[in-house]
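Here the structure is laid out as structure tokens; the discussion comes afterwards.
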Amino acid sequence: ARVSLDASPENADQHRLQLVVQGIVKSTVGQRDSSGKQLKFFAANGASFSDIMHKLWEKFSGNVKGQATKIADAWSVERPVESAWSSVMQLKANGRIVPAAKSLELWNRWMASQRGSTVALVI
């Protein structure tokens, strides 16, 4: 699959890291990834893990379902917020779940190691 990249020299520092993902939207938690709806490939460029996660959230948050919550006797649906991305989105590399509990430095190293590979973003 072809993905357009912003690789102009003046933006080199700003786009030091890149993560290419293919979104997979599942109807239920128990649904297999292979039967989920596969979205188009997306390349997120940025200077840090936080930059890239923000771009992924902007691109894919519309696919995140709300969570039913009950306060007193009233039910409502709450939309997840960006700071809770790890509870509603999951990265998978080579078929394995990438643990969300990493330091920013480890995330940056992991993203650098994935350059040239496509990672699944399971929603």
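With the first letter of the sequence shown counted as 1, position 10 gets the number 359 in the numbering used here; the numbers rise by one all the way through. Each residue gets a CB set at the ideal place from its N, CA and C atoms; glycine is no exception.
Beta-carbon gap between residue i and residue j smaller than 8 angstroms
| i | j | result |
| --- | --- | --- |
| Val468 | Asp382 | no |
| Ser397 | Leu368 | no |
| Ile401 | Met438 | no |
| Val413 | Pro429 | yes |
Residues that residue i bridges to, as DSSP identifies them
| i | result |
| --- | --- |
| Val430 | Val430 pairs with nothing; no bridge assigned. |
| Ser425 | Thr418 |
| Glu437 | Note that residue 437 is Val in the sequence shown, not Glu. Paired residue(s): none; Val437 is not in a bridge. |
| Val471 | Ile373, Gln439 |
| Gly379 | The partner list for Gly379 (beta bridge, DSSP) is empty, contrary to what the question assumes. |
| Gly395 | Leu366 |
| Ile446 | Lys441 |
| Gln387 | Ile373 |
Whole-Å CB distance - residue i paired with residue j, under 8 angstroms assumed
| i | j | result |
| --- | --- | --- |
| Lys404 | Gly395 | 6 angstroms |
| Gly415 | Val426 | 4 angstroms |
| Trp424 | Ala417 | 6 angstroms |
Environment of residue i [buried if 16+ CB atoms lie within 10 Å]
| i | result |
| --- | --- |
| Phe409 | buried |
| Ala393 | buried |
| Asn457 | buried |
| Gln463 | buried |
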